[in-house]
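Reading through the structure tokens given below for one structure.
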Amino acid sequence: MAPTHDKAAWLKRKTGEAVSLYNQQQFGPAADLAAQLLQRAPTSAGLWYVFGLASNGLGKAADAERAFRKSAELKPGNADTHFRLGLLLGARREFAEAADAYRQALRIKPDHVPALCNLGVALRELGHPEEAIGAYREALGIDPRCCDAHFNLGNAFMAQGKLNEAAERYRQLLTIDPGHVEGRVNLGSALKELGRSKDAESCFRKALETAPGNAEAHNNLGVVLRQQGRLDEAVESYRQALEADPGSGSVRAKKLYLQAHICSWDAFAEFEQVKHTLGVEGEAVTPFSMLAFEDHPARQAQRSRLYSRQSFSQVPLPLPAQPIRREGKLRVGYFTANFREHAMTHLMAGMLREHDRSRFEIYAYSYSKERGGPMQEKVAQSVDKFVDIVATPDREVVDLARSHRLDIAIDLQGHTQHTRSRLFAWRLAPVQVNFLGYPGTMGADFIDYIVADPVVIAPAERTHYSEKLLQLPNSYFPTDNRQLIADMHTSRADFGLPESGFVFCCFNQNYKIGPREFDIWMRLLEQVDGSVLWLLRSNEWAEANLRKEATNRAIDPERLVFAGKLPNAEHLARHKHADLFVDTFNYNAHTTATDALWAGLPLVTRIGRQFSARVAASLLSAVGLPELITRSEAEYEALILELASDRARLAAITAKLTANRLTQALFDTVRYTRDFEAVLEAACRRSREGLPPADLRAAP
């Protein structure tokens, strides 16, 4: 029998061979050798550790976990074993158990910097951002040049909205490691959020010099190019991001949405190939970006649910233990980035003005980067308290709103650009409402109600809305019957329109236009001599592509007339030069429909199934013109042709609209506000009585 010390030396040498194989990334041979040696030395903590490393390299997580646990059992004082076990648990998103493993490693070796960094990651995922920051700072106190600590600390600041602090941390990281691609991409992201678009672009381009196939850099470059209005270049950046990562649903959705904005209609064919899965399963996409592509309430709801689940994972904080307010004015808080020169503010100005101050106390929380201006001042003068929260971190906003003891918090942004719906995930008020910004369900369990009406949510589609309904008797859409229409003495020629030809008009944003509507419109131009189609000019690429599509359908592209943007009162005034507004399908005219109707221009719509495809029908019902609602594309085309061919019939409808503007519900701002207040009071009453949300209706 060989002496014991010879056996120990042999085992040490063979273990060294296994370690060498692992270091050469020969994980299979390393695991095999370690397994063979364990048959001879089953109590060797070192061999179990090596076997765990090799198994993990092979992707055999269960074997690796078993090995690390055995190694820790045999030699509890090895910090690296606990650290490796923590990494495995973290990869499985078992962050509480991972944090325990990292803490055990740190009890053994308090200066274990990787354990501190990964403890910070686990704490961040568990919703303890300040503790995470503390772990990163402790790691940097031990090793000021630790790239992971700088990177993760920057990420933590980003998550808190502390963009300048995040940018500074990424800069320190890049001083240590100029080739750190993720750090440079994240610096670009911080600069992008700070509004420094050109500096962000430079970061992303420099990252791509180092890593040309980095999908995140291409994606973020696309975002800043879009912000700069370079839409064609942005589409190309998204295409390259998809080339690098073909499975990224969020990038595909951004590319398709931007293609819709420039009327590059290859996007519709591409969407047809992916519509059953895009944003429905796997990676979430921004739900708003898909609304114009299809009229399918079930899939739109699935997209919203997935997006909310993946975007708002923080656990709601219990509301402060305060006595329920059973008396006094109802406190309502409106949250949006659009208290500025924006269509939403024009719509809501009347309602905010008409709120009954004897019963309601109104708070407006603005996170618009555009401060001041006439519309923001109008809002501030119409509410009891105007609060600028654009630079306030989320958690501080939550604490502030709770200190105001709101009864109802209303999200006017929803799943749209500049959203801060994550505030609502923390629970700002006992009752939380989705209203106006996003035309559909938010699919979020922290939103209790959606404001609706008898038309906009079809009974057959009710199951696709996670919220309970606050149903108004007329249209859910607010209007302001004091909106000014400029007294402009203009002619059609001033806008490039024919003096005598029929003018079809659609001032919807161009991304709402799809091939199906456009086919119909071109057939109408062909059948109505001398007619033109008057469109909003969203951007130069959309105009060029729409003219090209007209040419492809044998229509002179000059029969498409494009309108530039004007101040609201002047925009309303120019409607008098059109004969008929023709609506888009999947995403109707919303504000543009109220503009047309307020200006006295009739509108024909085709009612669809999803919320965004039923809004124009809701508006027409509320203004007493249900005869302009069609239920199929054929009926839509036929009615428009009839009205274009029968001037007397169209004149009668126009006269009816002129009379109805001031008598029907749509533009009765006071009546609308009283109905809106009634459903808010009903929702608050249920909350104060300890009852769960339920569908509620204002009396007609």
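Counting from 61, one number per residue, gives the positions in the sequence shown under the working numbering. For glycine and all other residues, C-beta sits at the position ideal for the given N, C-alpha and C. In this text, all values refer to a predicted model and were calculated from it rather than measured experimentally.
For residue i, three-class secondary structure by DSSP
i    : result
T690 : strand
E341 : strand
G393 : strand
I510 : strand
C565 : strand
L620 : strand
W486 : coil
F641 : strand
V55  : Any answer about residue 55 is impossible in this case: the structure gives the chain only from 61 up to 760.
R757 : strand
S80  : helix
R613 : coil
E253 : helix
Y536 : coil
K625 : coil
A361 : helix
L233 : helix
R522 : helix
F671 : helix
Y647 : coil
F555 : helix
G239 : coil
Close Cβ partners of residue i (< 7 Å) along its chain, the five nearest in sequence each way excluded
i    : result
F217 : E225, A226, R229
L740 : L390, V392, I468
I700 : L584, L640, V642, V664
N-terminal and C-terminal residue of the alpha helix (DSSP H) that residue i is part of
i    : result
V675 : 675-682
Q531 : Run containing Q531: none in the alpha helix (DSSP H); it sits in the beta strand (DSSP E), 528-531.
C744 : 729-748
F264 : 257-270
L544 : Careful: L544 lies outside any alpha helix (DSSP H) and carries neither H nor E.
L318 : 309-321
F353 : Here F353 belongs to no alpha helix (DSSP H), and DSSP marks it neither H nor E.
W581 : 575-587
R299 : 291-304
T652 : 651-658
Q333 : 326-334
E276 : 275-287
Nonlocal neighbours in the same chain, by C-beta distance under 6 Å from residue i, ignoring five residues either side
i    : result
S481 : D471
I449 : Y425, Y427, V457
F211 : L233, G243
V284 : K252, S257, A260, E261
A604 : none
E191 : L183
F641 : C565, A656, L661, L663
A62  : Reliability fails at A62, whose pLDDT of 46 lies under 50, so the model's placement of it is uncertain and no value is given.
T396 : L472, Q473
T476 : F348, G497, Y498
Local Cβ density within 10 Å of residue i, reported as buried at 16 or more and exposed below that
i    : result
E618 : exposed
G255 : exposed
G432 : exposed
K636 : exposed
P272 : exposed
R153 : exposed
Q436 : buried
N568 : buried
E577 : buried
H307 : First, the residue type needs correcting, since residue 307 is Gly and not His in the sequence shown. With fewer than 16 other Cβ atoms within 10 Å, it is exposed.
G137 : exposed
P752 : exposed
Run of the beta strand (DSSP E) containing residue i, from where it starts to where it stops
i    : result
T665 : 663-666
V592 : 592-596
8 Å Cβ cutoff, residue i in contact with chain D
i    : result
K252 : The structure shown contains no chain D, having only a single protein chain.
Sequence-distant residues of the same chain with beta carbon closer than 8 Å to residue i, five excluded per side
i    : result
R129 : L145
A161 : H142, F143, L145, G146, L149
R709 : E702, L703
P453 : Q220, G221, K222
Residue i Cβ short of 7 Å to the ligand HEM heavy atom set
i    : result
A653 : The ligand HEM is not part of the structure shown, which contains no ligands of any sort.
Could you tell me which whole beta strand (DSSP E) segments of length 3 or greater appear in the segment 409-472?
Here the runs fully enclosed are 420-426, 445-448, 468-471.
Secondary structure, alpha helix (DSSP H): runs of 4+ residues fully inside the segment 155-222
Within the segment 155-222, the runs of alpha helix (DSSP H) at least 4 residues long that lie entirely inside it are, in chain order, 155-168, 173-185, 189-202, 207-219.
Going along the chain, which unbroken runs of the alpha helix (DSSP H) with 4 or more residues stay wholly within the segment 86-160?
Runs found: 87-100, 105-117, 121-134, 139-151.
Please give the ranges of any alpha helix (DSSP H) in the segment 703-727, keeping only runs that are unbroken, at least 4 residues long and fully inside the region.
Segments of the alpha helix (DSSP H) lying fully in the segment 703-727: 707-720.
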